[in-house]
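Notes for the one structure printed next.
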Amino acid sequence: MDKFFNSLRAMPLRRGPSRMAGGIAGGIADKFGWDVTLVRIGLLLSFLLPFIGIAAYIVAWILIPAQDDSIILQNWLRKF
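The opening residue of the sequence shown carries number 5 in the numbering used here; numbering runs sequentially from there.
Structure, rendered in structure tokens:
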């Protein structure tokens with residue numbers, strides 16, 4: 005399982021420093037040099053699609069490492 009989480013940490017994407025909720029929009033904006041407000045609007049519009057937008061956000065929040073390399077899913081699994 006550590007191999008999986010190490011491969012996630014090797015990705016250049018991190019949950020962003022400009023967080024409002026899970027930091028996904030901030031991370032995407034930071035990675036690509038986009039305006040974080042526009043990314044947030046795009047994410048909110050994707051939530052209008054039944055289930056897909058919210059589910060994708062939750063999966064990204066659980067799997068994309070934070071700035072300190074912590075991964076939410078890995079932290080949850082360590083508790084069990």
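Built from N, CA and C at the ideal position, the CB exists for glycine as well.
Problem set entry | Nearest-angstrom Cα separation, counted from I75 out to P56 | Checking the sequence, you will find Ile at residue 56 rather than Pro. Going by the C-alpha atoms only, they are around 22 Å apart.
For this session: Label R82 either buried or exposed according to how many other C-beta atoms from any shown protein chain fall within 10 Å of its C-beta, with 16 as the threshold for buried.
Result: exposed
Exercise. Is K7 helix, strand or coil by DSSP?
Worked result: helix
For this session: Classify D34 as helix, strand or coil using the three-state DSSP reduction.
Result: helix
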